[in-house]
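Worksheet: the structure to be examined is printed underneath.
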Ligand code: ADP
Ligand code: MG
Ligand code: ZN
């Protein structure tokens, strides 16, 4: 056992209030304590911060945490301070005076952790401060930002490597990310020049998240219903464009919801204000583009709804994963419209220009983006377990059905689509005999639906015998059928453009009478949002059930305290902690410390208020 691990376990409870390590944390903490580099890959909400914060508390000296977003730093430092840990941050929001003061204190060894923006790392002032300090470890949060393969590449992250090499004594370095793809992981290790790092990848499953894909006829009406069923919770609604953010936010406000908005087109001051309103629970709904979220540690987000389909499953899982960090049940719902695919394809076609890429590189990037998009669209159309689909994507084993996603909970009916399948397959076959090569889904669909567009005419597809055989069908229906035929192995996607090609098996349907049955989901109703009936495994030990009324009272108290102390509510206690508290109903500080998520500093700071509230509730109930 690494020296200090025992102390680390004690501090885990004393400072952070946690009763034990979560998956991966112990190994990573132990390695850093013994001076070894680490790479930790855990899903959003998996608990990466503890992996470096705990060694930072135990080891002598000051830990540096490099983090991409200013808002994240401030929140993390606030949370650490409220847990009784000396911490500070250095970024562009500090005045010259504050900066000088923070540096002075850092020189004096006053902090256990200092969060720093990557832009600072090569400034002479900061380098000299680090020379005069004892650096216990360097943690690189959101480490995927260093990779050009990732979605969030930040050139400033490249400065980290130089900075590390120049430190008089190289401390252990820890890199942390939620991005699971291998290319990104390898990039991080290579570019940061980690030395024999201990790599820990925990499972990617988030059992407390419920996943579903809905296909509303009218998106906004559906959204309104989903949000109104979740009025007592905080939620994020992601939209593809700024314009959609504006209109959805305005509509929700007009319908009486406390919504606010966030996108890159707003003034910095408004963005800051809106984000704070959401984090402090003053506004319960955040409508945003994907500019919002990285570095938002708000743990009590009860749902994430995607109003449009994102560009990749990585992006989707990262964004949806912002729900339920506190381990409470939360919903991730995607509102799908087939048009989203076409919109995203158009954006891809326009991208990759003017970014200093050669034509060939740009083409490779676009091909990769199209592939990711296809996998995302397949998620929206699969009949199988949605969680299973995601875990497959990240290369993780899983049971066939999770029992906690829209598809697992829905009823399906089988529809015989053999005739339609024969028509589609023979259309693909005729196109190939006619042209000598295959075409993509759009061309096949246009031909079947009897389109008069110029491409169909120029290629002579209107002369084929299958032309117009599916006139009157929606493009979506043709696509769905094609997806099914791919899934069953009668068709495959081929080449860079993913053209539709026949497989050998297609002959079974075309010539030997094999039947094709399509599962049709009977309803796509909202099955999330149910009251937390069954709790996730984490709280099996509890004896009593949480009391709803007491929980509400504690939540109101938390809100009051948060405005008073000017810290976000979840920094005081998470929803999971309030829920545990309303079950255990402690009578004194000793019992309060038994509640999961209550450490000594917080018990001291807020204990009296919460104990009093519980006492009041008890009197009211008995009297
Ligand atoms: P990440 O950075 O991996 O997305 P965080 O470090 O922000 O996740 O942690 C997410 C949530 O999990 C926080 O609310 C944190 O308090 C909680 N958490 C972390 N470790 C533990 C643990 N060992 N036991 C209970 N809760 C934990
Ligand atoms: Mg984090
Ligand atoms: Zn499932």
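In this note's numbering, the protein residues as written are 32 to 654. Heads up, the beta-carbon is just placed ideally off N, CA and C, and yes, glycines get one too.
> How many whole angstroms separate the CB atoms of residue 107 and residue 80, which I take to be in contact at a CB cut-off of 8 angstroms?
Replying inline: 7 angstroms
> Contact check, residue 741 vs residue 76 under 8 angstroms by CB: the rounded distance?
Replying inline: The structure shown has nothing for residue 741, since the chain only spans 32 to 654.
> Name the DSSP bridge partner or partners of residue 521?
Replying inline: Bridge partners of residue 521: none, in fact.
> Going straight from the alpha carbon of residue 417 to that of residue 435, what length do you get?
Replying inline: 9 angstroms
> Within this structure, are the beta carbons of residue 39 and residue 86 separated by less than 9 angstroms?
Replying inline: yes
> Span of the alpha helix (DSSP H) holding residue 278?
Replying inline: 273-285
>> Taking the beta carbon of residue 625 as the centre, do at least 16 other beta carbons fall within 10 Å, making it buried, or is it exposed?
In response: exposed
> In the region 369-413, which residue ranges form an unbroken alpha helix (DSSP H) of at least 4 residues, counting only runs that do not cross its ends?
Replying inline: 370-381 and 390-412
> From the DSSP output, which residues share a beta bridge with residue 95?
Replying inline: 145 and 169
> What alpha helix (DSSP H) runs, 4 residues minimum, are completely inside the region 211-273?
Replying inline: 213-223 and 250-259
> Are at least three pairs of beta-carbons, each pair with one atom in the region 412-429 and one in the region 477-490, less than 8 angstroms apart?
Replying inline: no
> Cβ of residue 116 within 9 angstroms of Cβ of residue 143?
Replying inline: yes
> Which runs of the beta strand (DSSP E), 3 residues or longer, sit entirely within the region 325-358?
Replying inline: 332-337
> Taking contact to mean at least 3 C-beta pairs separated by less than 8 angstroms, is the region 453-466 in contact with the region 488-498?
Replying inline: yes
> Got a sec, what are the start and stop residues for the beta strand (DSSP E) residue 713 sits in?
Replying inline: Any property of residue 713 remains undetermined from this structure, which presents the chain solely from 32 to 654.
> Using 8 angstroms as the Cβ pair cut-off and three pairs as the minimum, do the region 110-130 and the region 199-212 touch?
Replying inline: no
> Do residue 299 and residue 332 have their C-beta atoms within less than 9 angstroms of each other?
Replying inline: no
> According to DSSP, is residue 501 helix, strand or coil?
Replying inline: coil
>> Per the DSSP calculation, residue 319 is bridged to which residue(s)?
In response: 269 and 293
>> With a threshold of 9 angstroms between beta-carbons, can residue 353 be considered close to chain E, or not?
In response: Although the question refers to chain E, the structure presented lacks it and comprises just one protein chain.
> Rounded to a whole number of angstroms, what is the C-alpha to C-alpha distance between residue 49 and residue 296?
Replying inline: 40 angstroms
> With a Cβ-Cβ cutoff of 9 angstroms, do residue 69 and residue 206 count as a contact?
Replying inline: yes
> To the nearest angstrom, how far is it from the Cα of residue 517 to the Cα of residue 524?
Replying inline: 8 angstroms
> Does ligand 1 have a heavy atom nearer than 8 angstroms to the CB of residue 553?
Replying inline: no
> What is the residue span of the alpha helix (DSSP H) that residue 459 lies within?
Replying inline: 449-466
> Between the Cα of residue 410 and the Cα atoms of 514, 502, 559 and 356, which residue gives the shortest distance?
Replying inline: 514
>> Helix, strand or coil, according to DSSP, for residue 363 in the structure here?
In response: strand
>> So, with DSSP's three-state summary, where would you put residue 160?
In response: helix
> Mind checking whether the beta-carbon of residue 435 lies closer than 8 angstroms to any heavy atom of ligand 3?
Replying inline: yes
> In three-state terms, what does DSSP make of residue 483?
Replying inline: coil
> Can you round the beta-carbon distance between residue 348 and residue 268 to whole angstroms, since I take them to be within the 8 angstroms contact cut?
Replying inline: Their Cβ separation, rounded to whole angstroms, is 17 angstroms, which puts residue 348 and residue 268 out of contact at 8 angstroms.
>> Between 412, 450 and 401, which has its C-alpha nearest residue 471's C-alpha?
In response: 401
> Can you tell me the Cα-Cα spacing of residue 113 and residue 397, whole angstroms?
Replying inline: 46 angstroms
> Taking the alpha-carbon positions, what's the residue 139 to residue 602 distance?
Replying inline: 28 angstroms
>> Given this structure, state the Cα-to-Cα distance separating residue 165 from residue 605, to the nearest angstrom.
In response: 33 angstroms
>> Bridge partners for residue 207 per DSSP, in chain order?
In response: 71
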